[in-house]
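Q: My structure is below; once you've seen it, I'll send some questions.
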Amino acid sequence: MTREEAPAPPATESIAADDRRALLDAATELFADQGYSRTTAAQICGRAGVAPELFDAAFDGTADCYLVLLESAAARIRDRVSTAALRYADRHFTERGAVVVAAFVGALAEDPRLARVAFGEPAEVSPAVRRQRRVHRRWAAAFLDTQWPPEPEAGERAARRRFAVAMATIGGMFELVADWTRHREESGADAQALVDDLTEFVGVVYTGRVHRR
């Protein structure tokens, strides 16, 4: 082995990584198909063909497994929308916003199962999952607030009002995504339809903000 070559990982580590990937893929399918609240660790192990003790070694229960998937989806979305916003930073919000929305939907459309996991059944998840979803929602609202053009009014009260509008906008966007993940097959709504709906919604909110000044 030359000095530049990295040593191969131990076989046990490679097997553990393969098992973890198999468990996460099985969990994605089950959470998407039947929901978080109806999925057990035993079902995930059975779908993955992995022994239960290996699941216990990898995750602290189904909630922890779900959170790993949620974080994976969130990281992908953050990367895509941040990159799109930076690339179009010098464009007007109407153009930049449409590009950011398309990047957001593109990240979801890569794996619609994961989108359904991330945005499905909000009332039936664990408290830890609900807390993490709120963290992601607040990040999204703060991100949106940085994308809107600045308002002439400054101060803490104005900032709080802007953030409240951003939070409400993100809530509406996430609800549209949740509806799309549940009904996209029966309605025939593809990813472009979701892009159009979200762009229209954000555009209406933006227009209202401009006219309110």
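Heads up, the sequence shown is in the numbering used here, so the first residue is 2 and it goes up one at a time.
From the three backbone atoms N, C-alpha and C, an ideal C-beta is built for every residue, glycine too.
All values derive from a computational prediction rather than experimental measurement.
Could you have a look at G156 and say whether DSSP puts it in helix, strand or coil?
A: It is coil, neither helix nor strand.
Q: Can you tell me whether P150 is helix, strand or coil according to DSSP?
A: In the structure shown, P150 sits in coil (DSSP, three-state: anything other than H, G, I, E or B).
Q: Under the rule that 16 or more other beta-carbon atoms within 10 Å means buried, what is T84, buried or exposed?
A: Exposed, by the Cβ-count rule.
Q: What whole-angstrom Cβ distance do V118 and L68 have, given they're in contact under 8 Å?
A: With a Cβ gap of about 11 Å, V118 and L68 do not count as contacting.
Q: Quick one: using the 10 Å Cβ neighbour count with 16 as the cut-off for buried, is A169 buried or exposed?
A: Exposed is the call here.
Q: Alpha carbons only, please: which of E201, H184, L24 and V178 is nearest the one belonging to L109?
A: Selected option, being the one with the closest Cα: V178.
Q: Let me know the secondary structure DSSP gives G215 once reduced to three states.
A: No answer is possible for residue 215: the residues shown for the chain start at 2 and end at 214.
Q: Express the C-alpha separation of T95 and Y89 in angstroms, rounding to a whole number.
A: Straight-line Cα distance between these residues: approximately 11 Å.
Q: Is the Cβ-Cβ distance between R114 and T29 less than 8 Å?
A: Cβ atoms of R114 and T29: closer than 8 Å.
Q: Quick check: what's the CA-CA separation for F175 versus G50?
A: Answer to the nearest angstrom: the Cα atoms are 34 Å apart.
Q: Roughly how many angstroms lie between the CA atoms of A59 and A17, to the nearest whole one?
A: In a straight line, the C-alpha of A59 is about 8 Å away from that of A17.
Q: Output the boundary residues of the alpha helix (DSSP H) element that contains E96.
A: F94 to A110 is the extent of the alpha helix (DSSP H) around E96.
Q: Express the C-alpha separation of A104 and V82 in angstroms, rounding to a whole number.
A: Cα-Cα distance, rounded: 6 Å.
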